[in-house]
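Q:
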Ligand SMILES: Nc1ncnc2c1ncn2[C@@H]1O[C@H](COP(=O)(O)OP(=O)(O)OP(=O)(O)O)[C@@H](O)[C@H]1O
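Residue numbers (full-length UniProt numbering): 1 to 438.
1. Using beta-carbon positions only, say whether residue 133 and residue 143 come within less than 9 Å of one another.
2. Comparing C-alpha positions only, which one of 302, 66, 295 and 399 sits nearest to residue 257?
3. Counting only runs of 4+ residues fully inside the segment 112-173, write out the alpha helix (DSSP H) ranges in chain order.
4. When the Cα atoms are used, what is the spatial distance from residue 20 to residue 422?
5. Under DSSP, the alpha helix (DSSP H) around residue 93 begins and ends at which residues?
6. Using three-state DSSP, classify residue 76 as helix, strand or coil.
7. Rounded to whole angstroms, what's the CA-CA distance from residue 7 to residue 426? Just pull it up for me.
8. Answer yes or no: do residue 407 and residue 393 have a C-beta to C-beta separation smaller than 9 Å?
9. Please classify residue 344: does DSSP put it in a helix, a strand, or coil?
10. Cβ atoms of residue 15 and residue 55: under 9 Å apart, would you say?
11. Only counting the same chain, and skipping five residues up and downstream in sequence, which positions put a Cβ closer than 6 Å to that of residue 112?
12. Could you check if residue 19 belongs to the surroundings of ligand 1, using beta carbon to heavy atom distance under 8 Å?
13. Kindly list the residues whose CB is nearer than 6 Å to the CB of residue 77, restricted to its own chain and excluding five residues on each side of it in sequence; keep chain order.
14. Rounded to the nearest angstrom, how far is the Cβ of residue 12 from that of residue 68, given a contact under 8 Å?
15. Would you decide whether residue 446 is buried or exposed? Buried here means 16 or more other CB atoms lie within 10 Å of its CB.
16. Along the chain, where does the beta strand (DSSP E) containing residue 245 start, and where does it finish?
17. How is residue 312 classed by DSSP in three states: helix, strand or coil?
18. Would you give the residue range spanned by the alpha helix (DSSP H) that residue 11 belongs to?
19. Sort out for me which residues DSSP pairs residue 43 with in a bridge.
20. Leaving out the 5 sequence neighbours to the left and right, which residues in its chain are closer than 7 Å to residue 430 when beta-carbon positions are compared?
21. Hey, could you find the ends of the beta strand (DSSP E) residue 371 is sitting in?
22. Can you round the beta-carbon distance between residue 82 and residue 59 to whole angstroms, since I take them to be within the 8 Å contact cut?
23. For residue 438, which residues in the same chain have their Cβ closer than 7 Å to its Cβ, ignoring the five residues on either side in sequence?
24. Name the DSSP bridge partner or partners of residue 307?
25. Opposite residue 49 in the DSSP bridges: which residues?
26. Can you tell me which of the three DSSP states residue 431 falls into?
27. Given that a residue counts as buried once 16 or more other Cβ atoms are within 10 Å of its Cβ, and exposed if not, what is residue 249?
28. Run the CB neighbour count on residue 419, radius 10 Å, all protein chains shown included, and call it buried at 16 or more, exposed below.
29. Tell me the rounded alpha-carbon separation between residue 157 and residue 98.
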């Protein structure tokens with residue numbers, strides 16, 4: 001019997017990624033987490049991940065009946081792997097009920113921030129550990145991401161366009177840990193507003209001429225030489241020549257959100273629905289192993305559509321996707337919907353301020369932002385406006401799932417999905433469970 005039903009966890013399985021973020025998870029565990037677990041009489045088994053997808057394998061094989069929860073000391077990426085591993089099991093329907101904990105020690109720590117913020121607690125290692133120790137539970141929606149026979153599961157977000165480009169192209173700043181996205185966004189904003197990257201000693205300039213927030217100045221001051229890797233010219237070019245992408249989207253709006261986009265004609269809707277039902281049902285025996293996605297039918301749903309070009313599209317499951325970024329302030333853990341945050345057109349100066357406003361979620365009030373809830377979503381990503389030889393990046397939970405021709409690391413990485421064919425997202429309400437302090 002899963003002992004979590006009796007209350008607080010007594011035995012937990014901990015998965016620690018020693019290479020996430022600033023590579024400090026091991027130190028954080030021994031100095032900050034372990035003493036609290038011992039004081040709470042929690043028995044733990046600790047397993048460090050040794051390679052990519054190791055956490056997924058562990059979750060796939062784990063004898064979870066021996067544990068009251070699985071806790072990741074990592075970034076969001078490892079927890080996403082755990083969810084995928086659990087849902088690939090034959091006994092996925094019981095496995096996914098094991099409560100999951102996240103203690104932030106990576107680059108992207110959006111789930112930990114969302115869990116703590118939802119109960120009014122500050123983001124910290126201690127509070128995230130207390131959330132596990134107290135052992136309250138919160139249901140969490142899981143999104144199935146599907147293209148042809150390829151499928152995986154997401155708990156945070158899908159992004160395409162500007163935010164995906166920022167996320168993936170800021171990889172070169174990963175030595176900054178979870179400030180890297182914030183830093184990159186501010187770098188982008190600064191160059192939009194002032195037309196150039198500020199002069200600063202690491203770039204050979206004069207410190208008096210600009211005003212980056214002090215914490216970034218200290219990041220620069222601690223610089224280990226990597227700052228010289230920033231391609232200043234490329235960054236300016238990237239911002240001044242804002243990318244827009246062709247493509248189209250279709251979605252089933254949540255009740256009350258039907259006014260956005262255009263209705264699909266009945267004939268188009270039928271054709272689209274046949275295609276969608278085929279996407280999920282034409283798998284062979286291998287594909288049918290494990291969880292197959294939500295058991296819902298969209299045959300009778302009213303789909304709406306919108307055609308590009310687009311600047312940015314995000315589908316978000318929880319409010320925060322990083323500790324400083326709240327793209328979807330209305331997102332709920334288990335409402336059964338994804339929050340669609342879409343920018344179709346926007347002047348560059350307004351866009352810069354919108355990016356900064358994601359820090360408190362106020363960007364969604366902008367007339368340039370379309371913000372609504374959807375039950376199902378289909379993305380057909382296209383190439384860049386004005387540069388049809390180049391595609392974009394589809395990013396799910398911080399990992400590239402598809403990239404077009406001519407983009408960052410194109411040809412060097414094997415992505416699970418292709419760029420161009422439709423990618424379908426469907427939500428399963430409250431499928432997973434996470435630890436929360438209340
Ligand atoms: N020992 C390891 N060596 C290399 N990669 C690993 C190892 N352990 C885990 N990983 C991979 O690291 C990735 C990121 O993990 P995690 O979410 O903990 O860190 P993050 O810093 O938030 O994410 P990211 O590094 O992707 O920004 C995951 O894809 C995971 O598979």
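Just so you know, even glycine gets a beta-carbon here, dropped at the ideal spot from N, CA and C.
A: A quick look at the data gives this:
1. no
2. 302
3. 125-134 and 162-169
4. 31 Å
5. 92-95
6. helix
7. 32 Å
8. yes
9. coil
10. yes
11. 102, 104 and 128
12. yes
13. 398
14. 6 Å
15. Residue 446 cannot be examined here, being either before or after the span of the chain that is shown, 1 to 438.
16. 245-253
17. strand
18. Segment 11-16 is the beta strand (DSSP E) holding residue 11; no alpha helix (DSSP H) there.
19. 11
20. 139, 140, 141 and 334
21. 369-384
22. 4 Å
23. 119 and 136
24. 248
25. Answer is none; residue 49 lacks a bridge partner.
26. strand
27. buried
28. buried
29. 22 Å
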